[in-house]
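Quick notes on the structure that follows.
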Amino acid sequence: MNAQERIKIENDVLEDWEKSWPFGFSKKSNAGVFSIDTPPPYINAELHVGHAAAYTYIDTVARVKRALGFNVLFPFGLDKNGLPIEVQAEKEFGVDIRKTPREEYVEACRNLLDKYRDKNKNVFKRLGFSFNSYTVTGELGGAYETDSQEYRAFGQSIFIKLWKEGKIYEDTQLVNYCTACHTTLSDAEVEYEEKDSKLFTISVKIDGKMLDIATTRPELIPACAALCVNPADNRYTGLNKAIMPVTGVEVPVIRDESIDLNFGTGVMMICSYGDKRDAELFKKYNLKEKIIIDENGKMQDSGDYTGLSVSKAREKIVDDLKKGGHLIKEEVIKTEKPICWRSKNAVELIREKELYLKQKELKDMLTELSGSMEFYKKESRQILLDWIKSIDRDWPISRTRYYGTEIPLWKCKDCGEYVAPEPGRYYQPWKETPKDLGCGKCGSKKLTGETRIFDTWMDSSNSNLFILGYGKDSKFFEKNFPTSIRPQGKEIIRTWLFYTMLKSYQLTGKKPFNEVLITNHAIDEFGEKFSKSKGNGILIEKALKENGGDVIRLWAYLGGNLVEGDIRYSKEKINEAERIINKISNIAKFISQFGKDQTTQPNKIDGFDEVFIKEFNRIYNNILIQYNQYDFFKALREIKNFVINIFADHYLELRKSSAYGGDKSAIFTLNHILMNTLELLNPIAPFFTQHIYQGLYSKDIKQSIFSNKLDTQDFSELIQSIGDFDSTVWTTKKSSGIPLNGEISGIAIPADLQNYKDVFIKAHKIKI
RNA sequence: GAGCCCAUGGUCUAGUGGUUAUGACGUCUCCCUUACACGGAGAAAGCCGGGAGUCCGAAUCUCUCUGGGCUCACCA
119 MNAQERIKIE NDVLEDWEKS WPFGFSKKSN AGVFSIDTPP PYINAELHVG
169 HAAAYTYIDT VARVKRALGF NVLFPFGLDK NGLPIEVQAE KEFGVDIRKT
219 PREEYVEACR NLLDKYRDKN KNVFKRLGFS FNSYTVTGEL GGAYETDSQE
269 YRAFGQSIFI KLWKEGKIYE DTQLVNYCTA CHTTLSDAEV EYEEKDSKLF
319 TISVKIDGKM LDIATTRPEL IPACAALCVN PADNRYTGLN KAIMPVTGVE
369 VPVIRDESID LNFGTGVMMI CSYGDKRDAE LFKKYNLKEK IIIDENGKMQ
419 DSGDYTGLSV SKAREKIVDD LKKGGHLIKE EVIKTEKPIC WRSKNAVELI
469 REKELYLKQK ELKDMLTELS GSMEFYKKES RQILLDWIKS IDRDWPISRT
519 RYYGTEIPLW KCKDCGEYVA PEPGRYYQPW KETPKDLGCG KCGSKKLTGE
569 TRIFDTWMDS SNSNLFILGY GKDSKFFEKN FPTSIRPQGK EIIRTWLFYT
619 MLKSYQLTGK KPFNEVLITN HAIDEFGEKF SKSKGNGILI EKALKENGGD
669 VIRLWAYLGG NLVEGDIRYS KEKINEAERI INKISNIAKF ISQFGKDQTT
719 QPNKIDGFDE VFIKEFNRIY NNILIQYNQY DFFKALREIK NFVINIFADH
769 YLELRKSSAY GGDKSAIFTL NHILMNTLEL LNPIAPFFTQ HIYQGLYSKD
819 IKQSIFSNKL DTQDFSELIQ SIGDFDSTVW TTKKSSGIPL NGEISGIAIP
869 ADLQNYKDVF IKAHKIKI
């Protein structure tokens, strides 16, 4: 079977499914609910095979749980909010958040989203993902889009609830600010990148003496409030006042023990604000701050440099230092610079008024909650714990962007008090004010709508509540919360997982999930990460066209163990996947010649057949254990090993002549093992297993089908012995020039196989 | 700088004190044998990341180093 034939079969199966989607969710079912909070993919992202692997893992969870008898809630979501959408809209449609009117800007984002609307949906279908529905239905299990009125209204209701409970407050604090995205960032949105940066040594007049100090950010000289040295540093004993070059401003020399005597010249320039350390020292010594970088990344309030961009100002200041003879040395050092997670631009510390959701006071509780969720693998919990430990401030949730959920607040023009509306509907305060809304403090009806939106994660962190009908179907929610499982990538533990936990706890006092499944990533043949800039990503569309869905799904478990570490994408593993499908298809073709539906157990089962049935049943039970632990990697290896290396290579070879002769016991055994194998493999590779099953057994693979086999026995040693003897016969025949189907004499059947000697005599044509 | 995880033939792996260290993919050789040449049989390929220690005995336990991954902090 070649790829084109396989793909045709997959399309046929998919067409069948589409007729009466068999993966729906029914609230009425008596089966236990198992809910999966799948990461909604970004609609405009180019999905590569790494994504396919991660989602395959999730779909296998859904299919396995269904086969185990659960009523699986597995909604399909599309993430359509946030910076990534805006960044791409700016690129594709040339809109600019500083210049384009809001309506027009939002429209551009919508156009972009429309353009990509169905792209990923089809890719997911062709990979066989069994979401409850691919359509937005508004019911439990229906697809959802994070920019829909429903989802946004949901997020706003949650905000209003938290606001009214006093869990959200406004404050002016130093924030991480991305001057490219023009918005505040939370700590979780800041990444660090190692960069070469220049360390400048400049000379400064201190109490009349010229002394050297080192800085990586000379452009902050106009914001310098003090120089700082270690009190134990006797080089600087008694020095008190410095005159800064370029600005001529006099600043004090202060002493702090945190200063490293050995770094640079032992003198640190404290500016508002180079980094968090600066901020700490400003606070500690009550220095007067002077913020010289504005929201556009331009210099302000800094003399000749006012109006220049940060990088231009830096050039000019370095130039001026040179001219004034103040520049002593320039050297290149490696530093970790904070950058924006999206634009990768440098993050500046700026003072802004933002809304904050309390999280700092909950650190202990959240640590405890983390311990009550089951992690696969268990070590990945540590990433979450480390993050919680590092939290040192509350979460700024407001963003000065356009495409996201609007913060549902108005401000009273008369008394300045914030006004929150009743939860329920979708509010757009920047363009409307509800008629009945008035200030709760002074009663004024003169209100100004809030223009900011929420941090993307403020929306994303509602997904587990949303899919369970929080606030909408309370009975169902109460019964089924916490959500059963959260599968997600490890890189968004500090954002998506953490914020979901925070929100769920704030709202319900409970953990968000019972289980958390953390997946790693795919790397290319040479061990390199897939990345857009390297251009080494293999797009799912291309892989689907070349190989079909089952092969990609099988690869997800052949390339390595995604829960343990990164997995490798290679032609070799793709070939291996193809061969598995092919082999099983051929086994099925062979078995099909003995007729369909040969699944009724005959009165008498041959002793030899019993060995293989009981051993298979034993392995079947093992696989169910692995499935329950989400160890699909190990499960597939074990299924494959039995079916190909034991069942096909030995059982089938030894019994095929009997099967040709119509031996009922052999034909039943062949069908028993094949049918159960197809069922076991279905959650991993749903298309070809369903196709063969349908053809041979005149029915679809049932949704609820896994149950432990009772008739088991460990025959592994005997089967090993059978394999060894087969090898001996084959090798002997070959070295003696006897064709494999020729007769052989003078070969002894081992003692432990004597009970089954007739099978070997017949199959190998052994002459006694 | 700190913490967590990992290290077995080219690749993915089994192996938690005694094995000639699994198996698969790939490679090589031979073979069209009526399910399958997208097949079969066989072979080569690993001083189990380095070093030290515990033990009669270590891939397996301890320490240490190195290399990789992740996370946090910091670099004037």
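Per the working numbering, the very first residue in the first sequence carries number 119; after that it's consecutive.
Glycine included, each C-beta is placed from N, C-alpha and C at the ideal position.
Looking at the DSSP output, G607 shares a beta bridge with T637. Take G841, set aside five residues on each side of it, and the residues of its chain with a beta-carbon closer than 6 Å to its own are H768, in chain order.
A Cβ-Cβ contact shorter than 7 Å links I320 with L439. Classified as exposed, G627 has fewer than 16 neighbouring CB atoms from the shown chains inside 10 Å of its CB.
DSSP lists L657 as the beta-bridge partner residues of H166. CA-CA distance, L615 to M576, rounds to 12 Å.
Here the C-alpha atom of F272 lies approximately 58 Å from the C-alpha atom of N358. Contact check for K455 against K327 fails: the beta carbons are separated by 7 Å or more. Each residue's CA atom was taken as its position, placing S429 and L583 some 45 Å apart. By the 16-neighbour rule on beta-carbons within 10 angstroms, L828 is exposed. Each residue's CA atom was taken as its position, placing G142 and I610 some 29 Å apart.
Inclusion of L796 and T787 in the CB contact set at 7 Å is not warranted, their separation being larger than that value. Taking the Cα of L329 as reference, the smallest distance to any Cα among D378, H300, G382 is reached at G382.
A direct Cα-to-Cα measurement between L445 and F318 gives close to 7 Å.
For A332, the enclosing beta strand (DSSP E) starts and ends at 327 to 333. If you check the CB distance, N199 and T264 come in under 7 Å.
Classified as exposed, P868 has fewer than 16 neighbouring CB atoms from the shown chains inside 10 Å of its CB. For D554, no beta strand (DSSP E) segment is defined, and its DSSP state is neither H nor E.
Beta bridge pairing from DSSP links S863 with K885. Counting the other CB atoms within 10 Å of its CB gives P857 a total below 16, which places it among the exposed residues.
Under the three-state reduction of DSSP, S390 is assigned to coil, being neither helix nor strand. Take the alpha-carbon of L620 and the one of P630: they are about 9 Å apart. Residue environment analysis places V450 among the exposed positions, since fewer than 16 neighbouring C-beta atoms fall within 10 angstroms of its C-beta. The Cβ-Cβ distance between L467 and C389 does not fall below 7 Å. One alpha carbon belongs to K401, the other to D374, and they sit about 13 Å apart. Contact annotation: Y175 and L657 have beta-carbon atoms that are not nearer than 7 Å.
Residue environment: N414 is assigned as exposed (fewer than 16 neighbouring CB atoms within 10 Å of its CB, all protein chains considered). Boundaries for Y354: no beta strand (DSSP E) harbours it, and the DSSP string shows neither H nor E there. Comparing alpha-carbon positions, the option among I741, C458, Q831, Y675 lying closest to K732 turns out to be Q831. Runs of alpha helix (DSSP H) with 4 or more residues, each lying fully within the region 485 to 532, are found at 499 to 508, listed in chain order. Note that the C-beta distance between E861 and K875 is not below 7 Å.
Residue state for M483 is assigned as helix, using DSSP reduced to three classes. Secondary structure of D314 (DSSP, three-state): strand.
Beta-bridge annotation (DSSP): M793 is not paired with any residue. Distances from the alpha-carbon of N404 to those of A343, T302, E682 put A343 closest.
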